[in-house]
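Trainee: Here it is, the structure in full.
Protein chains in written order, with the numbering used here: chain H, 1 to 414; chain C, 415 to 476.
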């Protein structure tokens with residue numbers, strides 16, 4: 001029998017890690033990676049920080065020369081097809097339809113597969129507020145970043161809509177470049193869903209002392225301007241003069257191509273603890289669209305939008321899929337990755353372990369929230385159980401100890 | 415196995431020291447120290463460290 005063929009749909013970090021881990025898991029058959037973007041997989045976190053601030057990264061080629069992930073030799077025979085969008089899939093027949101997108105020759109076709117990795121990730125949610133489109137930006141791709149950079153070559157009035165991590169990082173980067181920055185967030189102090197109210201307010205005050213304005217409470221109802229945005233209208237009647245709007249209001253999973261497959265795509269792709277898609281035999285999901293239960297916390301499936309997740313989930317999904325295409329159930333210990341993320345905002349470095357966003361109580365364990373640069377540690381509890389840790393400006397030598405506070409169920413048994 | 419870290423890229427995130435603590439360590443000054451010629455038994459851990467480096471500063475040569 002021929003070796004099974006595996007299709008990886010999604011050509012970013014999740015797709016790359018899936019291909020690497022399929023090889024590491026012993027899959028020797030063909031692997032094809034389909035990526036809608038024109039580029040080989042590249043690292044996105046610098047797009048809101050270093051690349052946005054770097055005067056030398058003026059074109060995609062220059063920026064990507066530093067962002068593109070190195071490929072292991074084990075994926076040298078993987079067929080990476082960029083500028084190729086997968087339109088739909090027939091899971092019963094094991095066939096997907098694709099078409100080329102972007103500049104090159106138009107082409108389309110169908111390919112057969114024996115196993116499928118869903119790794120199409122997220123795209124930025126856009127504001128539905130009416131008004132001119134010009135002057136409104138998002139930050140996801142290298143092109144998004146370069147478009148925004150081109151709009152801020154002279155001093156600008158910038159309104160960042162959304163005070164999550166990406167919004168705050170972009171606000172800090174642009175503030176440091178000398179722009180006039182206002183952050184608008186209807187739901188509370190910056191990043192409060194993760195940090196908790198006390199720490200979020202402390203971060204807000206810290207950023208305000210640097211000169212960033214926060215408008216917390218009202219949302220944007222409309223943009224005004226003749227051919228491009230010149231004013232943001234808030235629902236409390238405020239009108240903010242603006243040259244550049246950054247929409248940082250969350251993300252939407254790219255799962256439209258899975259419509260009609262029977263998979264649960266209500267919010268990303270529902271999987272079991274092995275990352276096997278529920279409702280299919282030979283499909284796994286990898287990356288920030290995978291909605292999986294993590295026994296570190298409970299049995300509720302959740303998507304996790306951290307940079308570490310594509311790598312973590314690929315390491316489990318690959319052996320799962322190798323077993324499934326061989327007609328076996330994966331016999332693996334519980335998958336219980338310790339979520340982890342970082343964020344650099346001006347003179348603050350956030351490092352988190354666990355899921356602080358699940359907490360109902362936050363305790364300041366070290367430091368003074370009125371002096372964040374000196375180092376603050378918060379412990380986040382849910383029903384008395386430690387579920388998350390946030391460290392601000394703590395020495396990196398502390399990280400291992402903070403991470404190891406979350407032992408996996410497997411490690412606990414050993 | 416030869417390990418190289420691009421120290422111009424390294425931002426002392428310390429994720430490598432979690433993944434491969436016998437090869438990478440953050441010293442008391444908060445700076446990275448590492449063993450450039452680790453034993454081959456460390457390969458899996460070093461590959462993990464290279465994967466999780468936020469700035470992708472770790473290179474592995476066979």
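All C-beta atoms in this analysis are idealised placements derived from N, C-alpha and C, irrespective of residue type, glycine included.
1) Taking C-beta pairs closer than 7 Å, name the residues in chain C that residue 311(H) reaches, listed in chain order.
2) At what residues does the alpha helix (DSSP H) containing residue 365(H) begin and finish?
3) Is there contact between the segment 33-40 of chain H and the segment 297-311 of chain H, where contact requires at least three CB pairs shorter than 8 Å?
4) Does any residue of chain H have a CB that is nearer than 9 Å to the CB of residue 442(C)?
5) Where do the ends of the beta strand (DSSP E) carrying residue 216(H) lie?
6) Quick check on the burial criterion: 16 or more other C-beta atoms within 10 angstroms. Buried or exposed for residue 192(H)?
7) In whole angstroms, what is the alpha-carbon distance linking residue 56(H) and residue 446(C)?
8) Considering only C-alpha positions, which residue in the set 254(H), 368(H), 400(H) is nearest to residue 88(H)?
9) Taking its Cβ as the centre, do 16 or more other Cβ atoms sit within 10 Å of residue 16(H), making it buried, or is it exposed?
10) Does the separation of the CB atoms of residue 172(H) and residue 210(H) fall below 9 Å?
11) Can you pull out the residues from the segment 420-439 of chain C whose beta carbon lies closer than 7 Å to at least one beta carbon of chain H?
12) Where residue 222(H) and residue 402(H) are concerned, what is the direct C-alpha to C-alpha distance, given to the nearest angstrom?
13) From residue 30(H) to residue 429(C), what distance separates their C-alpha atoms?
14) Report, in whole angstroms, the separation of the C-beta atoms of residue 380(H) and residue 362(H), which I expect to be a contact under 8 Å.
15) I need the DSSP call for residue 61(H), collapsed to helix, strand or coil.
16) Tell me which residue opens and which closes the beta strand (DSSP E) that residue 392(H) is part of.
17) Using a Cβ-Cβ cut-off of 7 Å (strictly less than) and excluding sequence neighbours within five positions of residue 382(H), which residues of its own chain qualify?
18) Which class does residue 115(H) belong to by DSSP, given the choice of helix, strand or coil?
19) Kindly indicate which three-state DSSP category residue 351(H) falls into: helix, strand or coil?
20) Is residue 412(H) helix, strand or coil by DSSP?
21) Quick one: using the 10 Å Cβ neighbour count with 16 as the cut-off for buried, is residue 275(H) buried or exposed?
22) Can you tell me the Cβ-Cβ gap for residue 284(H) and residue 317(H), rounded? I've got them flagged as a contact below 8 Å.
23) Within the segment 149-225 of chain H, note down every full beta strand (DSSP E) run reaching 3 residues or more, in order along the chain.
24) How about residue 365(H): is its Cβ closer than 8 Å to a heavy atom in the ligand FMN?
25) Any C-beta of chain D sitting closer than 9 Å to the C-beta of residue 238(H)?
26) Of all the CB atoms in chain C, is at least one closer than 9 Å to the CB of residue 77(H)?
27) Say whether the segment 387-397 of chain H touches the segment 338-352 of chain H, bearing in mind that this needs 3 or more beta-carbon pairs closer than 8 Å, one atom from each stretch.
28) Which residues in the same chain as residue 101(H) place their Cβ atom closer than 8 Å to its Cβ, once the five residues preceding and following it in sequence are excluded?
29) Chain C partners of residue 307(H), CB-CB under 7 Å?
30) What's the C-alpha gap between residue 411(H) and residue 339(H)?
31) I need the DSSP call for residue 289(H), collapsed to helix, strand or coil.
32) Classify residue 413(H) as buried or exposed, calling it buried when 16 or more other Cβ atoms lie within 10 Å of its own Cβ.
Mentor: Answer, in terms of the structure:
1) 465, 466
2) Segment 361-366 is the beta strand (DSSP E) holding residue 365(H); no alpha helix (DSSP H) there.
3) no
4) yes
5) 213-216
6) buried
7) 27 Å
8) 254(H)
9) buried
10) yes
11) 426, 427, 428, 431, 432, 435
12) 44 Å
13) 32 Å
14) 5 Å
15) helix
16) 385-392
17) 358, 359, 360
18) strand
19) strand
20) Confidence is the limiting factor: at residue 412(H) the pLDDT is only 44, short of 50, which leaves the residue's position unreliable, though a coordinate-based value still follows. Residue 412(H): helix per DSSP, three-state reduction.
21) buried
22) 4 Å
23) 157-161, 180-185, 213-216, 220-224
24) As far as ligands go, the structure on display features none, and thus does not contain the ligand FMN.
25) Among the chains of the structure shown, chain D does not appear; the protein chains present are H and C.
26) no
27) yes
28) 36, 83, 84, 85
29) 468
30) Model confidence at residue 411(H) stands at a pLDDT of 48, short of 50, so the residue's coordinates are unreliable and nothing is read from them.
31) coil
32) The predicted position of residue 413(H) is uncertain, since its pLDDT is 39 and thus under 50; no value can be drawn from it.
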